[in-house]
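Asker: Going by the working numbering, the sequence shown opens with residue -1, and the numbers climb by one from there.
Got a structure for you, questions after.
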Amino acid sequence: MLGKHAGKRLIQWLLFGTAVFFSLLPDADAVPGIWFGDFAAYHNNLSHSIAASLFAAIVGAWLVRAVFGAPYVRCLVFVLLCCVTHILMDYLTVGRGVMLFWPVTSTRFQAPIKLFFGLDWSQGWRATVHFYTGANEMALIGIGWLVYRSTSKGRSAS
Ligand SMILES: [Zn+2]
């Protein structure tokens, strides 16, 4: 049997993995895009909508509740935040925008100001343009890390 500390660590890693899974779930539509060789036809469409996120949250929350035993509404909010954060980030990414209000409308929406350079899939895996994507994301992670460091000073000592 796991000790109390090891059990807590396992739960934290399981929760982190669950957050990663549901944060990446909207991009599961890339699988048929790769499978059928038409990325644009399948990727970043209806799965990047509030309605699809709500559906994923309603279904996914049962799974999260079964694993972690937390109240259903808390699990629903957790899954919804994971999915919606993904869509928000794609909304702020250079590209064709997201179908935010599908199925009401298939119109794509995008932010007037972009934070993310994004990954141009059509360039292939070895294109030098991906360097800018990596540099952009590393810069944003660096800014996030600096904000975290400046706001959490002294907390670990208590
Ligand atoms: Zn996406």
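Glycine is no exception: its CB is placed at the ideal position from the N, C-alpha and C atoms.
At the level of alpha carbons, what is the spacing between alanine 28 and methionine 136?
Answerer: Within the sequence shown, numbered from 1, the residue matching residue 28 stands at position 30. Within the sequence shown, numbered from 1, the residue matching residue 136 stands at position 138. Their Cα atoms are separated by approximately 23 Å.
Asker: Helix or strand or just coil, what does DSSP make of phenylalanine 114?
Answerer: As a working mapping, residue 114 is identified with position 116 in the sequence shown. It is a strand residue.
Asker: Since aspartate 88 and valine 96 should fall inside the 8 Å C-beta cutoff, what is the C-beta to C-beta distance between them, to a whole number of angstroms?
Answerer: Here residue 88 refers to the residue found at position 90 of the sequence shown. Here residue 96 refers to the residue found at position 98 of the sequence shown. Their Cβ separation, rounded to whole angstroms, is 5 Å, which keeps aspartate 88 and valine 96 in contact under 8 Å.
Asker: Look at the Cβ atom of leucine 86, then the Cβ atom of serine 47, and state whether they are nearer than 8 Å.
Answerer: Indexing the sequence shown from 1 puts residue 86 at position 88. Indexing the sequence shown from 1 puts residue 47 at position 49. Result no, Cβ atoms of leucine 86 and serine 47 do not sit closer than 8 Å.
Asker: Based on the DSSP secondary-structure assignment, which residues constitute the bridge partners of valine 96?
Answerer: The count along the sequence shown starts at 1 and reaches residue 96 at position 98. For valine 96, which the question treats as bridged, DSSP gives the partners Phe107.
Asker: At the level of alpha carbons, what is the spacing between isoleucine 32 and alanine 50?
Answerer: Here residue 32 refers to the residue found at position 34 of the sequence shown. Here residue 50 refers to the residue found at position 52 of the sequence shown. Cα to Cα, isoleucine 32 sits roughly 21 Å from alanine 50.
Asker: Expressed to the nearest angstrom, what Euclidean distance is found between the alpha-carbon atoms of proline 110 and arginine 94?
Answerer: Here residue 110 corresponds to residue number 112 of the sequence shown, with the count starting at 1. Here residue 94 corresponds to residue number 96 of the sequence shown, with the count starting at 1. Between proline 110 and arginine 94, the C-alpha separation is close to 12 Å.
Asker: Check whether the Cβ of asparagine 42 lies closer than 7 Å to any heavy atom of ligand 2, and answer yes or no.
Answerer: Among the ligands in the structure shown, ligand 2 does not appear; only ligand 1 can be found there.
Asker: Thinking C-alpha only, which one of Ala55, Gly67, Val102 is nearest cysteine 80?
Answerer: The residue given as residue 80 occupies position 82 in the sequence shown. Closest option to cysteine 80, Cα to Cα, is Ala55.
Asker: Compute every distance between the C-beta of histidine 3 and the non-hydrogen atoms of ligand 1, then say whether any falls below 7 Å.
Answerer: The residue given as residue 3 occupies position 5 in the sequence shown. Histidine 3: no, Cβ never under 7 Å from ligand 1.
Asker: Please classify glycine 58 as buried or exposed, where buried requires at least 16 neighbouring CB atoms within 10 angstroms.
Answerer: As a first step, residue 58 must be located in the sequence shown, where it is residue number 60. Answer is buried; the Cβ neighbour count reaches 16.
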